[in-house]
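What follows is a single structure, written as structure tokens, with notes after it.
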Amino acid sequence: MKKNSLFSAGIALLFATAGFSQTPQQQAEITKDYDQVKLAQLEAKLFAEFQSNQDEAIRLAAINGWETSIELDNGGQALLVGVFSDGTPKYYTTDNREAGITTRTDRVHTGGSAGLDLNGEGMIAGIWDGGRVRGTHNLLTDRITQLDNPNSISNHSTHVAGTMIGNGDEFAGAVKGMAHMATLLAHDFANDTPEMVAAAANGLLVSNHSYGIPADNVPLWYLGYYDNEARNMDAIIYNAPYYLPICSAGNDRQSGANTADGGYDYITDRSVAKNNIVVAAVNELLNYTDASDVTMSSFSSWGPTDDGRIKPDISAKGVNMTSSNGTSDSSYTVMSGTSMATPNVSGSLLLLQEHYNNINSEFMLASTLRAIALHTADEAGNNPGPDYRFGWGLLNTERAAQVITDNGGTSRIEEANIVAGGAYTFTFQADGTNEVSATLAWTDPAGNLLPGGNEDVATPSLINDLDLRISQDGGTTWMPWILDVSTPTAAATLGDNVVDNVEKIEMGVVPAGEYIVRVSHKGEELIGDEQAFSLVITGIADETFFVSTEEANVTACEGSNEVSFEMDVDFDAGLEANVDFTVTENTTGLVATVTPSSIAANGTVTVTIDDVSTLALGNYLLEVTATGASETIITYISLTIVDEIPISEVILDDPNNNAGNRPVDGLDFVWEAATNVTLGYSLELALDENFTNIVQTVDTPDLTTNIAGLEFDTQYFWRVKAANDCNEGDYSQVRNFTTEELVGFEDNAIVDLLAYPNPTQNILFIEAGVELSQVTIYTVLGQQVLQQELNKTSGTVDMSSLTAGTYFVKVSSATNNSVLQVIKQ
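FYI, the numbering for the sequence shown is 200 to 1024, going by this note's numbering.
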């Protein structure tokens, strides 16, 4: 089992010379499960997109007289980074408009009232901003590593860096940053996303992004739209699940760009992403007592996203912030903006990672950090629950740190997984005195891009829709908060959340007794076959041991002899006591064994249900009882007996047997439906009839699939089988076909020739060990569609004008030619 549950107890070239304050061992632990090949491919893809967008923008700037870089009067910067689909220029602009007290971060510093010593020592954060940070400033000396080479020092970047990590040596600590002993890796925001991939691949945990696209620089339909930048942000975090970027919401509410929505619907660009944290700016607050104390700034951009997700996520002080300035090593200035609120949050969240690691000797997943921050935020706004102005409320670093400290006692922090069709469950005891709340968060796969140009299309960007429920056996079920995208001013209500990848249930004070937490998912499938998630629950009774399982839904086939599942047991720190297990089911008297039947230390037990063959089709509720010296925990498992129905053989339709001249550029495979199929079909494609050399396997619920990138003049063999919950059918009869021939190309091999990424969306990078003279692209039928001169050892080819499919790229030097097969997505 992959669940991580802890009780409290008292690519990488980018950083090759800079180094990390976190130890190499910690970096290795963070990244041990990362797919570094996939991250490298993502980095190359994002760099190609950046290069293509920038090249086109610079070309049009020369024609139209656009400025490529603008120094703003407020100390910020605007940089031309691309062109919108309507031909208008696209600029990144810094979001300009005392912080630690407002968010209670000062209380977790050494000497603070929380009794902790969280200062950021040994921790490192990233910053992407509008220019060079003045690393010699008195607040920042020796703790800034600038990893690129911006043209000039930026007042904005230096101010943001000071808020994140500025020391407390000046003005009696009045301008001390949130993580004032941490170090910072700095970049300008040109080419940011591929640099973020490289940083995440090397173990970066938190980064700050105080910039975005101004609302008055975009068409109206773009406000709240899930664009490619938002999708790229989600893809980065999904592939590096310990990495959490913190982004500013923007300062556009008074811009007049969207007068029809009463101040709502102003979020743009990467701030529309699902997996990051987006920050709103509020006024200073020195003593929080209730929600009415938190007052919104006059400028902070409000949500929602087009699909109704809660953005911004959280609020922090961003008005009249004093911090370091870039004009000299001893200069300071006052700035306002969500740019200033965002480093307040990013620096504070870095301290929470420090605290978690101090206790547990490992760092949190980004989804766990996000869940804790949003779970513990102080209520803000006119109504209980979240809203589209403040998000989940005002960041409370002290309260978040306390949840980490209390983990295993009156709070629980769970990191677990569910598989397709599965569920996760545990029970807890309420003490009848404290308010009980639970928050679920997960890092969702990148969403689907919708066509641009249509305003407020509410199609969800959510891919894997998880659900959080809390219930009593046979009694009330508590639901999470939801908002209504059609009425953004309305108060939050309770219901089924189908858009957000964070769900929170607030039960209030409930009668003492046992309650059941359950995490499940909608639909039959999960993209990626499983979904990691994080769960935080507070206000519960302190228990000496804890039982949970990721196998709360168990399926057995009719006639099976037995079925088994696993359960995890965690003891409170320092405790050792026997826990005995029994299993009951009220209607059948089934027999079950637990191995081991008694456990005295953290571990896993296996529950095996015998004689399943005697059970009729249907659903059964199992009660697994764990009995300790002073308490009893019951975990409820759903057992479903399904019919063992045979599957008919799959009949193949196309390609026909011995078919010839089949296209390599996307060949459709078609078959007829088999009977009694519930889990779909599996196609195998091989180079021999015995299928010892399989070149591709495709699993699909459909009766057809398309395979591209086949080799020319090659014989292939294919077959298909079907499956249901209890059976796999036999493979179909094998059919073979031969692909079309490729003629007319001469290939003499150019030394060290590389072309990437492949597949590519728009830009193809080409490089070699010799000077290249020309690139020519042909269709699979040999038709020339593009030709470009190079006359250098490397270059880029823009394939954006070509339709999706397979192409042949002929690369020429003075003496040789090479032909490469490239897929255009």
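We treat Cβ as the ideally placed atom computed from N, Cα and C, and that holds for glycine. Since the structure is predicted, the reported quantities are computational estimates derived from the model, not experimental observations.
Asked                                                                                                                   : Found
Sequence ranges, beta strand (DSSP E) only - wholly within the stretch 221-278, length at least 3                       : 268-270
Assigned exposure category for residue 377 - 16 Cβ within 10 Å defines buried                                           : buried
Short Cβ contact (8 Å threshold) for residue 551 with residue 599                                                       : yes
Touch test, the stretch 611-630 against the stretch 731-748, Cβ-Cβ under 8 Å, three pairs minimum                       : yes
Close-in-space but distant-in-sequence residues of the same chain around residue 653 (CB under 7 Å, 5 per side omitted) : 420
Contact under 8 Å by Cβ, residue 471 with residue 426                                                                   : yes
Cβ contact check for the stretch 692-703 and the stretch 505-524: 3 or more pairs under 8 Å                             : yes
Check whether residue 758 and residue 629 have beta carbons under 8 Å apart                                             : no
Nearest neighbour of residue 389, chosen from 358, 350, 382 and 365 [CA to CA]                                          : 350
Whole-number beta carbon distance between residue 329 and residue 353, since they are thought to touch under 8 Å        : 5 Å
Per DSSP, the bridge partner or partners of residue 998                                                                 : Its beta-bridge partners do not exist; DSSP assigns none.
Exposure label - residue 946; buried when at least 16 CB within 10 Å                                                    : Annotation note: pLDDT 49 at residue 946 (below 50); position unreliable, coordinate value reported separately. Label assigned to residue 946: exposed.
Residue closest to residue 247, alpha-carbon to alpha-carbon, out of 227, 281, 260 and 224                              : 281
Local conformation of residue 501 per DSSP, three classes                                                               : coil
Whole alpha helix (DSSP H) elements within the stretch 325-370, 4-residue minimum                                       : 354-364
Cα-Cα separation, residue 367 to residue 972                                                                            : 58 Å
C-alpha distance - residue 554 paired with residue 601, whole-angstrom precision                                        : 10 Å
Limits of the unbroken alpha helix (DSSP H) element including residue 542                                               : 537-559
Beta-carbon proximity of residue 761 to residue 806, cut-off 8 Å                                                        : no
CB contact flag (residue 1023, residue 977, <8 Å)                                                                       : no
Reference residue 914; option with closest CA among 928, 270 and 858                                                    : 858
Three-state class that DSSP yields for residue 713 in the structure shown                                               : strand
Of the residues 827, 361 and 582, the one placed nearest residue 373, counting alpha carbons only                       : 361
Endpoints, alpha helix (DSSP H) assigned at residue 432                                                                 : 427-438
Residue 769, buried or exposed, once every other Cβ within 10 Å from all chains shown has been counted against 16       : buried
Under 8 Å between C-beta atoms of residue 1025 and residue 716                                                          : Not covered by the structure: residue 1025. The range shown for the chain is 200 to 1024.
Buried versus exposed, by CB contacts within 10 Å (16 or more), residue 296                                             : At residue 296 the pLDDT is 46, less than 50, meaning the model places this residue with poor confidence and gives no usable figure here.
Where the beta strand (DSSP E) through residue 706 begins and ends                                                      : 701-708
For residue 332 and residue 339, believed in contact at Cβ under 8 Å, the rounded distance                              : 7 Å
Three-state secondary structure (DSSP) of residue 726                                                                   : coil
C-alpha distance - residue 392 paired with residue 910, whole-angstrom precision                                        : 34 Å
heavy atom of the ligand GTP below 7 Å from residue 924 C-beta                                                          : Inclusion of the ligand GTP in the displayed structure is not the case, the ligand content being empty and no account of it being possible.
Inter-stretch contact at 8 Å, needing at least 3 Cβ pairs: the stretch 569-585 / the stretch 399-407                    : no
Proximity to residue 344 [Cα-Cα], best of 457, 519 and 386                                                              : 386
Beta-carbon spacing of residue 664, residue 721 below 8 Å                                                               : yes
Residue 1007 versus residue 885 - alpha carbon distance                                                                 : 23 Å
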